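Taking it in order: structure first as structure tokens, then the write-up.
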Amino acid sequence: MKPVNRMRITTMNDPQTLLAIRQTLQAAQRILITSHIRPDGDAIGSMLGFGLALQQAGKEVVMALSDSVPQNMLHLPGSREIVRAPKGKFDTFIVVDAADIKRIGAAFNSHQPDIQIDHHVTNPGYARLNWVDPEAVATAAILAEILPQLGLEITRPVAEALLTAIITDTIGFRTSNMNPKALRIAADLMEKGANLPELYYRGLVQRSFEEARYWGVGLSTLQKKGRIIWSTLTQADRRTVGYNGNDDADLANLLSSISECDIAILFNEQKHDHVKVSWRAQPGWDVSKLAAQFGGGGHPAAAGAEINGSLEEVQAKVLAATEDFISSNPTS
Numbered sequence: 001m002k003p004v005n006r007m008r009i010t011t012m013n014d015p016q017t018l019l020a021i022r023q024t025l026q027a028a029q030r031i032l033i034t035s036h037i038r039p040d041g042d043a044i045g046s047m048l049g050f051g052l053a054l055q056q057a058g059k060e061v062v063m064a065l066s067d068s069v070p071q072n073m074l075h076l077p078g079s080r081e082i083v084r085a086p087k088g089k090f091d092t093f094i095v096v097d098a099a100d101i102k103r104i105g106a107a108f109n110s111h112q113p114d115i116q117i118d119h120h121v122t123n124p125g126y127a128r129l130n131w132v133d134p135e136a137v138a139t140a141a142i143l144a145e146i147l148p149q150l151g152l153e154i155t156r157p158v159a160e161a162l163l164t165a166i167i168t169d170t171i172g173f174r175t176s177n178m179n180p181k182a183l184r185i186a187a188d189l190m191e192k193g194a195n196l197p198e199l200y201y202r203g204l205v206q207r208s209f210e211e212a213r214y215w216g217v218g219l220s221t222l223q224k225k226g227r228i229i230w231s232t233l234t235q236a237d238r239r240t241v242g243y244n245g246n247d248d249a250d251l252a253n254l255l256s257s258i259s260e261c262d263i264a265i266l267f268n269e270q271k272h273d274h275v276k277v278s279w280r281a282q283p284g285w286d287v288s289k290l291a292a293q294f295g296g297g298g299h300p301a302a303a304g305a306e307i308n309g310s311l312e313e314v315q316a317k318v319l320a321a322t323e324d325f326i327s328s329n330p331t332s
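In the working numbering, the protein residues as written are 1 to 332.
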């Protein structure tokens, strides 16, 4: 892989960029694909969809993440091939669904990616070749469109990975950025063999006993002030219920369904005075602006940041900033 440098960035979404991506993939011998830390469904599904399509084309592909694969993604073909520490050398480095190169983890971010595919509006274009479409509902939706143009076939396993990513990133087709194009893409993936009802159930509905108990602990801490609601999860909570992950088991998405709030916040305590904060918002609010204040990012309806400090310190700062945000942006 190549060290980060200041080389010229290729124009995003130019037809010549797509041609250059195709040529790069055709010449590639050994490919590394990764995504962001604390991977969600779009990270996993996009990486698997791209990786499996490349493997089918005869390429040697290693898929790697800094963190483990969430339990609700392990049913996808190829998910158990994902490693934490890739070995050997790679001539082509690909990143999917990561708005910032710092979000892919220390093991990877010292190297400039050759290719990146993403849909975050805050993405600065950090790879040699960048395909970034903020209008896409998920990175997987972009891949569903461009894989055939790259000479890669969308088989059933690829379609299952991509459709899972779209389902989870749109929280079951209900985020405010949903559009007819996304539904047509989903229909195309179903025609490739992806079972939407089953993937929806596994990705969004099915929960383990430990996850259900974890939700119970989080909901027991639920608080409300004005149109803001928030909940807290601690390291002790995870130990008590036997939940092995460091994420919130999608509790933040549940909080967003509470009708009495405009903005929901989940504070998830991590190790070493570190807190993962997730914002969810009703239509009309852009919580990515809030996340940006704390070095994070995301989308108008869903954003996050990882903030240094104790749980109490971070909670106080974030709640104050969110109150100020609502009072100064009555219509966002």
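The C-beta atom is built at its ideal place from N, Cα and C for all residues, glycine as well. All of these numbers come straight from a predicted model, not from anything done at the bench.
Between R103 and I37, the C-beta spacing is below 8 Å. For R30, the enclosing beta strand (DSSP E) stretches over residues 30 to 34. Among the bridge pairs identified by DSSP, K224 is matched with I229. S176 has its alpha-carbon roughly 22 Å from the corresponding atom of A161. In the DSSP assignment, E312 falls within the alpha helix (DSSP H) that extends over 311 to 328. Here DSSP, grouped into helix, strand and coil, assigns E60 to strand. In the structure shown, N246 falls within a coil segment according to DSSP collapsed to helix, strand and coil.
With respect to K276, G304 sits close: the two C-beta atoms are nearer than 8 Å.
Here the segment 60 to 75 makes contact with the segment 198 to 214; the two share three or more CB pairs at distances below 8 Å. Counting the other CB atoms within 10 Å of its CB gives D114 a total of 16 or more, which places it among the buried residues. In the structure shown, V275 falls within a strand segment according to DSSP collapsed to helix, strand and coil. Rounded to the nearest angstrom, the gap between the Cα atoms of R84 and E145 is 29 Å. Cα atoms of A140 and R213: separation of roughly 31 Å, rounded to the nearest angstrom.
A distance of 8 Å or more separates the beta carbons of G41 and D188.
The Cβ-Cβ distance between S208 and T221 does not fall below 8 Å. If you draw a 10 Å sphere on the C-beta of G58, you find fewer than 16 other C-beta atoms in it, and that means exposed.
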